[in-house]
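Undergrad: Residue numbers (the numbering used here): 208 to 1235. Sending over a structure as structure tokens; questions will come in a sec.
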């Protein structure tokens, strides 16, 4: 639940979080920078807001609204409740001639009495004058001087300045005096609503110090919005049920209250006027409370939060009059009223007598008010906290800590730091921090906590330009098996390794070298080429990460580019980095760091690749890139079920350029994007032609490179091809490599899902060749797994291999992958099958599709069409019959195996039992906790459980199970039976269905795998129905 915006003032959805309301607010903490539904807003903390409403008028986005009691008021009238209405004097200046029509309309809706609050203002002035005269001779420290006319101001006093509470003249405000008069003197027992321009009046009327004399707060704007569409021409006007003296109507405008009070005191008695409820106002008022300035305390201080007082509060209505028209009415009535008094108004003694005479029957105690302290002491913010906040904002100098631009909404940086400490705002609201942070992030690798590639390139370029006479070396290194570290220890540890290496490089290189993380596990550094520097680098053998739980040395392979290699070359930082990267794979060892220099031979290789790159565009234009196809066969039927489309580059001389040569180059130079599109287009075109020529095509697998997957337009390209050639999507499978997933996984998954949304299947190529295979299997939405046959290439599955460990290891991995794929309902394809032994093994473990030289090499289109014509012809896939009794029972018995883990946690209640049919004897080989709980023997020793189960199978209740054991020995199919058992812990009867499979056998006994299914509820329901 959103904990702000639950008071009188609220922030609506128009807020853009511009901070302007903060800059204009008088109370720190009333405005809170926060987020709502993912969007930054400036919310209101109603516990701190004084509800002056200033932000309503200031916000150009119309993001602030207020609440009053309008709906409750009209609902109460509708329900027949008797309510009287106290109307603020500004009502008559705001609505002019329409004012009595509105009151008449409200009377017609059920309002009982109407009271002009001008009379209450006159009571307030009388009570205030009486207080001031009664306390005139007292010392300044013992008497109040601030008028209680503005509830927004009083809110601030009670919440922030409790030391001023005894300086507020203890008299109720004009509207409250009106309500008290109505209740006590006119004996009005109705509830009373106040209609005025003030939204903070709600705080006043709910205060315990106003004794519920007013029950509803209504505003001009809301009430006019509700009733403005009515026709007032036929409404009988209504004025007021009380008649004011007259002068009370004018105290609503800032400064005029002071004018009224001045009529009753000598000109030497000073009265002050202040507008605003912010720190400047309180600074001046607090000055008067200082003993040093006691003699300067004025007779009276008039304070309003609004610049024009209650004349135009935040709840006023401006659409009913022209600009300035309401004030002209005010001045006209003011002049007419005082003209009628003549010279009598200049005699303050006489005026006081007249005032007292008007209220001679009133008791001033009836109109007294107290105030309640709501001050909460803020916690102290130490200099250390300020330093931490400033440092987190990258304000590390005094100059940065005193920018004081105010864009955050706070007048000074120190004020903003205070607001951050109190959680009123966030450092991200500082534009200078965001600029510095943007630059910091632009040039900083957040994971390794060091400079990044952009910062490094900029610095290297600068150093070379500033030191033309010096020679430097640029090193670039990659962490050996960094992906394995991430896979084994998790990415958090992997990131910590990066930070450890970063710290070590900084320590070893010193101040006169520059280093950075380039990408992934790659770092680069730039250092002057001296014997001393080279020696200390060579002495860096490895990186110690034992504190991270990695108990072997982390090593890197470094390549370096020496500027002395070619003194005539114009050095470019990025070219130097690329050259160093090219050199770093020349020497790789896990034992220690290796260092290899860039040579002219490598440069020649770069030259050759560049030359190859220049030929690619013309080769594409000359149609030198052609598609060949390698058939794929079903292991179940032996029939052709698909083919993989493979790109071949046949130049104009008829020479075939190996894909292993040109594909890596296309991936480096980005040409692969154009090549991919050409391959896709040709594949779609060929399939379309085959269909049109009457052939029945099989699905064609087409590769998508990692580079193409990074393109935002890949979805639209493939969609265009589908729409253009009108190919059924089941005839095209797109292959992606597992390594393509490493990087921006979110974008990658989005692209894959987009392609799948077109109906195409996705195949994971070379599955198992990367280091994150299981993560890929879990995260990527694929349909087909193409197995990396590298697992079998060295396994020597032929009978000549004498090493059983070597024989089983690769096959076990392949078998596990296929079993997982079957569970996930993935199609499995094994490519690169070249030996009959590999075929036999793959078929025996359930691989779906075979591809490889054993059946067919990649071939041109015309040769593939010939095979396609006879696609229903069965290819002979010879396999040896599996021998009975080869199920590895030991893997269920060994608690460290995957099978054992699954048996314990995922299969339900299960047993593995050896059965001797001659003796009708059972021996439990393995049980799990679910089975123990089912039988109620979880607390019994294993030998006791074994004995109890054997006795049960010999009992009358166990007879069906014994019979099932005997049937299971005759077949490898599932055997079922139902038995009733007694749970030995809960002492209840359970109905159990047992599923039995024979999984191994020898001459005298066989092993049975049993799953137990609790069907008690079902059987009890049947019995209940039978009884009925």
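For every residue, glycine included, the Cβ atom is placed at its ideal position computed from N, Cα and C. If you're wondering where the values come from, they're calculated on a predicted model, not measured in any experiment.
Just the Cα atoms here: how many angstroms apart are residue 957 and residue 874?
TA: 22 Å
Undergrad: Do you know offhand how far residue 188's Cα is from residue 411's?
TA: This structure cannot settle anything about residue 188, because the visible part of the chain is limited to 208 through 1235.
Undergrad: From the DSSP secondary-structure annotation, give me the bridge partner or partners of residue 1066.
TA: 836
Undergrad: Residue 481 by DSSP, collapsed to three states: which one?
TA: strand
Undergrad: Could you give the residue range of the beta strand (DSSP E) that holds residue 401?
TA: 398–403
Undergrad: Whole angstroms are fine: how far does the CA of residue 256 sit from the CA of residue 366?
TA: 9 Å
Undergrad: How many angstroms separate the CA atom of residue 470 from the CA atom of residue 483?
TA: Cα-Cα distance, rounded: 25 Å.
Undergrad: Is residue 472 buried or exposed, if buried means 16 or more other CB atoms sit within 10 Å of its CB?
TA: buried
Undergrad: Check for me: the alpha helix (DSSP H) holding residue 327 runs from which residue to which?
TA: 325–341
Undergrad: What is the rounded straight-line gap between the Cα of residue 408 and the Cα of residue 356?
TA: 10 Å
Undergrad: Grouping DSSP H, G and I as helix and E and B as strand, with all else coil, what is residue 311?
TA: Of the three classes helix, strand and coil, the one that applies to residue 311 here is helix, per DSSP.
Undergrad: Run through DSSP, which three-state label would residue 275 get?
TA: coil
Undergrad: What do you get for residue 316, buried or exposed, if any count of 16 or more other CB atoms within 10 angstroms of its CB means buried?
TA: exposed
Undergrad: For residue 1067 versus residue 835, is the C-beta spacing smaller than 8 Å?
TA: yes
Undergrad: Check this for me: beta carbons of residue 354 and residue 464, under 8 Å apart or not?
TA: The answer is yes: Cβ separation under 8 Å.
Undergrad: If we count the other Cβ atoms within 10 Å of its Cβ and call it buried at 16 or more, is residue 337 buried or exposed?
TA: buried
Undergrad: Comparing C-alpha positions only, which one of 744, 1187, 761 sits nearest to residue 751?
TA: 761
Undergrad: Can you tell which of 1215, 770, 714 has the C-alpha that lies nearest to the C-alpha of residue 744?
TA: 714
Undergrad: Which value, in whole angstroms, describes the spacing of the CA atoms of residue 1239 and residue 650?
TA: Nothing can be reported for residue 1239, as the shown portion of the chain is limited to 208 through 1235.
Undergrad: Which residues in the same chain as residue 1138 place their Cβ atom closer than 8 Å to its Cβ, once the five residues preceding and following it in sequence are excluded?
TA: 1116, 1117, 1118, 1219
Undergrad: Can you tell me whether DSSP reads residue 1215 as helix, strand or coil?
TA: strand
Undergrad: With respect to the beta strand (DSSP E) encompassing residue 852, which residues constitute its N-terminal and C-terminal limits?
TA: Looking at the DSSP string, the run of the beta strand (DSSP E) that includes residue 852 is 847–857.
Undergrad: Report all residues from its chain with a CB closer than 7 Å to the CB of residue 635; omit the five preceding and five following residues, and keep chain order.
TA: 641
Undergrad: With DSSP as the reference, identify every bridge partner of residue 1204, one or two as the case may be.
TA: Answer by DSSP bridge pairing, in chain order: 1216.
Undergrad: Bridge partners for residue 1123 per DSSP, in chain order?
TA: DSSP lists 1128 as the beta-bridge partner residues of residue 1123.
Undergrad: Since residue 507 and residue 339 should fall inside the 8 Å C-beta cutoff, what is the C-beta to C-beta distance between them, to a whole number of angstroms?
TA: 7 Å
Undergrad: Hey, quick one: how far does the alpha helix (DSSP H) through residue 826 stretch, first residue to last?
TA: Residue range 807–828 is occupied by the alpha helix (DSSP H) that includes residue 826.
Undergrad: Out of 990, 556, 629, state which residue places its alpha-carbon closest to the alpha-carbon of residue 1028.
TA: 990
Undergrad: Using a C-beta cutoff of 8 Å, does residue 261 count as contacting chain E?
TA: Note that chain E does not occur in the displayed structure, where there is just one protein chain.
Undergrad: Locate the alpha helix (DSSP H) running through residue 1195, then write down its first and last residues.
TA: Residue 1195: not part of any alpha helix (DSSP H); DSSP gives it neither H nor E.
Undergrad: Enumerate, from N- to C-terminal direction, the unbroken beta strand (DSSP E) stretches of 3 or more residues contained entirely within the segment 893–920.
TA: Counting only runs of 3 or more, we get 907–910.
Undergrad: Is it the case that the segment 320–334 contacts the segment 369–389, given that we only count it when at least three CB pairs across the two stretches are under 8 Å?
TA: Contact holds: three or more Cβ-Cβ distances are below 8 Å.
Undergrad: Output yes or no for whether 8 Å exceeds the beta carbon distance between residue 987 and residue 959.
TA: yes
Undergrad: Classify residue 961 as helix, strand or coil using the three-state DSSP reduction.
TA: helix
Undergrad: Alpha carbon to alpha carbon, what distance is there between residue 1059 and residue 1006?
TA: Caution is warranted here: a pLDDT of 44 is assigned to residue 1006, below 50, making its placement in the model unreliable, and the coordinate value is therefore given only provisionally. Whole-angstrom Cα-Cα distance: 21 Å.
Undergrad: When the Cα of residue 240 is compared with those of 898, 602, 211, which residue comes out closest?
TA: 211
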